[in-house]
Structure formats: structure tokens, C-alpha cells
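Here the structure is laid out as C-alpha cells; the discussion comes afterwards.
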Amino acid sequence: MTVKALYDYDFPSKDRQEVYGDDILVNVMWTNNPMLCSAACFRTPKAMSWADFKAQMIDPWAASDPDYDPSAPEGWQVDGEGFDPADDTSLDDAGVGHKGLITFRT
Amino acid sequence: MAKGKLPMRERYRLLTRDLDWTPTYVKPEDVYPYTRYEGIKIHDWDKWEDPFRLTVDSYCKYQAEKDKKLYAVIDGFAQGQGHLSLTDARYVNSLKLFLCGVTPLEYAAHRHFAYLARHLDGAGGRFAALCQSIDELRHAQTETHTISQYNKYYGGLHNFGQMHDRVWYLSVPKSFFEDGISAGPFEFLTAISFSFEYLLTNLLFVPFMSGASFNGDLATMTFGFSAQSDESRHMTLGLEVIKFMLEQDEANVPIVQDWIDKWFWRGYRLLGLVAAMMDYMLPKKIMSWKEAFELYMEKQMLEGLFPDLEYYGIRPPRHIQQAITEKEYMSHQVYWILYQFSHAANFNTTVPPREELDWMSEVYPDTFDRHYRPLWERARDLQEQGKRFFFNGLPMLCQVCQIPMGFTEPGDPSTICVRTSDFRDERFNFCSDGCKWIFDREPEKYVQAWLPVHQIYQGNCGGSTIPEVLNWYGFADGDGGEYLTSPDKLNWDKWHTGAVVGGA
């Protein structure tokens, strides 16, 4: 179905990737910790390495819960698929897409 | 001609419908260009039953009397320092939510009903829209005046127009209403007059107005009474509009059904904020969200209204079953979100006192002790260690309802629900099947959503740090964050130990 309108209804998405230049939005969820009420959303360079993303973005956020241990996350997934990138792989090469969802358990 | 007063009904006919005419120099569709493109077929506009049946002079006289009484109560309450007799300063948080979340919607409704008062083909519909437009403007004003007295003494109320436009959680009501006013006139009437003002109205107004009454807020309670007769006309109009569309042409039925499905879910998700308020922000409880949902939705609507609508071929809203399942969870999930993001809101939150946790264990026997009580106990422990728990980051938002994605899978309260759609090679995320279904019907509309988190990341909200964004929101110190250390709480304690109210 499409929008019914009196004119040609065609507008760009407000959050299309190009708006963010070389960056993307990435969502991260700690699946078995209900303390954090929802996944977090980050803006990050596509070229950022996985190790940097984990250390600079995920760890400080997950540390909202003082019991968080940065070595504890396991069972990483991206959009429901298993995910085990090398530390220096970029997010782009690791298959993390704009507005995609990374999940982990502890 | 014999002098004497004409009966009301006759005066109404002469002064409204009788003044209408059919254009002959131009085509009706050129005079009323917006009432055909949605696909709704109307054959006879005179069949529109107008629940107002008032003339402008009698409307003004009646409303002026009501307003006079309301303003007398407001003045008396303010002069007698009525705010000191509230159950607790914590109650004022529900007023902050109401003033910033609901009052601007009244104003938006005023504007859109004014538009309908020009653009509906039939005189009955136009006059009903005119009366409702004035009602909504009065409500925006009287609510502002009722609550403004609290602004002298409590935080979070000083900038409600700007906050409504900018603050992350207020994009939930704002985007809801803008979705309605950017739709065609018949969809708007289904969205606001029927779904919001009929289906869901008690779930919106009872929590706030009975909440006021139970918590010593005579001013807001009196506003509620003053608005009640207007609201009942709005409800009647909502039902009349639906019946009018359904009776005019059978082809209208599936279109109306789709809109009911959409707007039930849109309105229900918005009421998540009310559910949280009801269970967590009222020091003296009226009833639980679950009980309110059972009474006002399951009993009055599903058992009362929908069997009547079945005659027209209308069935209950598409995602109603999920809402019924969620009555055990929703208030807890939404307040848990508000609790950990209140550093970025215009109200204060706190761990409920023990006796309130006990009350929730009692009214939510199947879920509270298992899923939510442990979270509150831990949050309290952390707070006692000086580590008040906040979410240190920005949340993932639903593309449609714009609430952080904190809702769980139907029937599985321990797994967060995430749905996605791809549209033009772009991914979109949703909190529920209901929101995904709404997006998939009209993706071209929802791709334009102004999502607060994404807008912050685009640099459109005053800066990239939290203080810069809060400054752009128009916040002052103490507007948000923990309640127990808030200026509201500190002042309240001072005032009740004999300090001068409003003094330094």
C-alpha cells in the first residue's frame, strides 16, 4: 500500500545513510540484562575497527550497570546471525549495516 | 409572526444547516477538495448527526458559565496555597507529563478541527467541527491556567511549548498527533474523534483527573469536571462519524477498519506514558493500569461497543490481543524507561517506596515479583551505594511510536521485541508487530519520522553533549533526574517543616 494523497507523494528518508556521511547508526543490545531498558544507538564511522567500537562505544554504555565486565560478553550476533570479527576488522567489513542491531549475552 | 422563543432544535436548524447552500457556479469538489481522495464515499451529507446541536450564542453562554466556575476554583486553590495539601510533591510529575504531553495536543486539535470546519462538505459536520475546535482551544487555555500556578513552586513546567516540540519522549505524543493532522479529513476523524476520543478517552482522562482528585489537586480535578461535558460531546461525535461513514457506502467499511486498526495501536502505544504515570507517579493510587484497561477497554469497548459495530462489518482492532497481553507489563516497562532516562526529561523519577512495590505485587501478581520487583530492588541498592542508575547513552527508538525499544515479545516478558522492515534498501526498526504493520502500510510517510535520537546524531539538537541538548530542550537545573534529591522534594520537605513557601 502507498500513501493516498492529492499529489505525487515522494520524500526522502530522514535517516538515510548518506545524511551521516562516512558514519552509520548502530544499535547494540545486551539481551539478558533487563537493567538496560532497551538497546543503545550509536553514531560511528563505518571504518571504525571492531575492537575500537567495543572499547569506545559498547563498554562505556554497558558500564551503566556497575556489574558489567568487559570480558564477559559472548554470543555476539548481528541482525540475528552469529558474528565473530577479528579485532581490526572494520564495522563495514564485518557486515554491520546502517541501523543494524548487534546483540550479546553475558 | 408570533413572537416567542423557538425550541432549541429549531433554532439550531435555522442558524446552522439552514444557512448552508449548494454551490452552482463552481463544482462542489472545487469548494471542498479534500473529502474525496481518501476513497470514502459520501452520498448524503445531511445524514450527518451533529451531537452538538447548539447555536453559537448558546454555546458561548454555556461555556462562559462553566469557565467562570472553574476560574473561581483555580483562584481559590491558588490563594489558599492548595498545592501544599497535595499528597506529595511527587504527584506534580504527572502534571508535568500532562502539560507537556497533552495540552499541546489540545491546541493541535483546535487547529485541525478549525480546518475541518471549513473543508467538510456538509453543514452539520462543519458546525460540529467548529464547536469542537473552540472546545479544544478552551481546553488548551484552561489546562494551562489550571497548571500554571504550580509553575511558581515546582520545576519542569516552565517551558512546555518548546519542550513539546523538542524533548525526546514528547516526540511520542507530538508525532502521534502530527500523523493524524497530516492524514486526510476522514482518517483524522477516525484517528482523533473515534479512536482517541471514544475508544481510548477514559484511559487518558480518568488516570489524570481521578489522579488529581485522589491526590488533593482540586484545581485539575475541577478542570476535569469542566471538560467532561465537552468530552462527552466529542465522544458522541466520534461514534457518529464512524456510523456516518459506514452507513454511507459499503465500500467505506474496509477503509474505516484499516484506520481503526492503525489508530487503536497508535493511541494505545501513546497511552504507555499514561499507564506509567498511573502506576508510578501517583502517590495515592486510583486503580492499576491493568484494572483500568480491563474496565475501559475490555469491558466497555470490546464487550460493549464492538458487538454493535459488528452489524456494519467492523471487527475489534487488529492488534488488540497484544494489548490485552501487555496489560500485565506495559506500565512497568515504560516507567523503567522513564526512570533511567529522567536525567533527560522534565520530570523526576525514583524507585517506588516499599509500600507501593507491595501494592504492585498485589495488583500484578503474575508478573511484578518475577520481572520488575527485582529491578527496583537493585536500583534502590545501587542508589543507596551512591550509584543512582541511569542509562549512559541514547536508546534505540521505534520508527513509528518513537518510544525506546523496551517492549517485550508477546507472552515473553524477558525478551525484547525487535521487528524490522526494509524499504528502498534501508532498514527500519519497530517495537512491535503493531508498529511494523503501520509502517508497512505507508512506508513513504514514516521514513520521514523526526526521531529524537537520530536528530541528536545529525547535529540538529543544539550540540553533541547531553548538557548542550538539555539546554536546547529549554531545561533548567533540577527539571529532571532523581526525585529524592530534586529541588521539588527539598522544597516540599522545607515547606512542611515550617519554612516560608517560595522563600530562599
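Residue numbers (the working numbering), protein chains in the order written: chain C, 7 to 112; chain U, 239 to 742.
Note that CB positions come from ideal geometry on N, CA and C, so glycine has one too.
All values derive from a computational prediction rather than experimental measurement.
key: Where residue 630/U meets chain C, residues with beta-carbon distance less than 8 Å   = 66, 67, 69 and 70
message = Quick check on the burial criterion: 16 or more other C-beta atoms within 10 angstroms. Buried or exposed for residue 323/U?
response = exposed
ask   = How big is the Cα-Cα spacing for residue 712/U and residue 398/U?
value = 9 Å
request  = Give a yes or no on whether 8 Å exceeds the smallest Cβ distance from residue 45/C to chain U.
outcome  = yes
inquiry  = What does the alpha-carbon distance come out to for the pair residue 498/U and residue 77/C?
reply    = 49 Å
inquiry  = Quick check on DSSP: helix, strand or coil for residue 83/C?
reply    = strand
inquiry  = How far does the alpha helix (DSSP H) with residue 440/U in it extend, from its first residue to its last?
reply    = 439-452
task = Give the single residue among 548/U, 484/U, 445/U and 689/U whose Cα lies nearest to the Cα of residue 518/U.
result = 445/U
ask   = Residues bridged to residue 642/U by DSSP?
value = 635/U
inquiry  = For a test of the three-state rule: what should DSSP assign to residue 296/U, helix, strand or coil?
reply    = helix
query = Could one say the Cβ of residue 564/U lies closer than 8 Å to chain C's Cβ atoms, at least one of them?
reply = no
message = Ignoring anything shorter than 4 residues, give me the alpha helix (DSSP H) runs that lie fully in the region 386-420 of chain U, in order along the chain.
response = 398-404 and 409-419
query = Listed in chain order, which residues of the region 692-704 of chain U have Cβ atoms closer than 7 Å to some Cβ of chain C?
reply = 692, 695 and 696
inquiry  = Relative to the C-alpha of residue 86/C, which candidate in 102/C, 96/C and 94/C has its C-alpha closest?
reply    = 102/C
key: Beta-carbon proximity list for residue 477/U, same chain, < 6 Å, skipping 5 on both sides   = 436
key: Residue burial classification, residue 639/U (beta-carbon count within 10 angstroms, cutoff 16)   = buried
message = Is there a Cβ of chain U sitting closer than 8 Å to that of residue 84/C, yes or no?
response = no
task = Within its chain, find whatever has a CB closer than 6 Å to the CB of residue 504/U; leave out the 5 residues flanking it on each side and keep chain order.
result = 414
ask   = What residues match up with residue 659/U in a beta bridge as DSSP calls it?
value = 666/U
key: Boundaries of the beta strand (DSSP E) in which residue 47/C is found, first to last residue   = 46-51
ask   = Closer than 8 Å, CB to CB, is residue 101/C near chain U or not?
value = no
message = Please identify, using Cβ separations under 8 Å, the residues of the region 400-427 of chain U that lie next to chain C, in order along the chain.
response = 422
Residue range of the beta strand (DSSP E) that includes residue 32/C = 29-36
inquiry  = Do residue 560/U and residue 671/U have their beta-carbon atoms positioned less than 8 Å apart in this structure?
reply    = yes
key: Whole-number beta carbon distance between residue 297/U and residue 369/U, since they are thought to touch under 8 Å   = 6 Å
inquiry  = Rounding to the nearest angstrom, what Cα-Cα distance links residue 274/U and residue 483/U in this structure?
reply    = 12 Å
query = Going by other Cβ atoms of all chains shown within 10 Å of its Cβ, with 16 needed for buried, is residue 619/U buried or exposed?
reply = exposed
task = With residue 679/U as the anchor, note down where its beta strand (DSSP E) starts and where it stops.
result = From DSSP, residue 679/U is part of no beta strand (DSSP E) but of the alpha helix (DSSP H) over 671-679.
query = By DSSP, does residue 430/U sit in helix, in strand, or in coil?
reply = helix
query = Thinking C-beta only, is residue 494/U closer than 8 Å to residue 552/U?
reply = yes
request  = Mind listing the chain C neighbours of residue 688/U? Cutoff is C-beta to C-beta under 9 Å, in chain order.
outcome  = 20
Chain-ordered neighbours of residue 685/U on chain C, where CB pairs are closer than 9 Å = 17, 18, 19, 20, 21 and 22
key: Where the beta strand (DSSP E) through residue 551/U begins and ends   = Run containing residue 551/U: none; DSSP gives neither H nor E here.
ask   = residue 704/U lies in the alpha helix (DSSP H); which residues open and close that run?
value = 704-711
ask   = In three-state DSSP terms, what is residue 725/U?
value = helix
task = Just grab the DSSP bridge partners of residue 586/U for me.
result = 719/U
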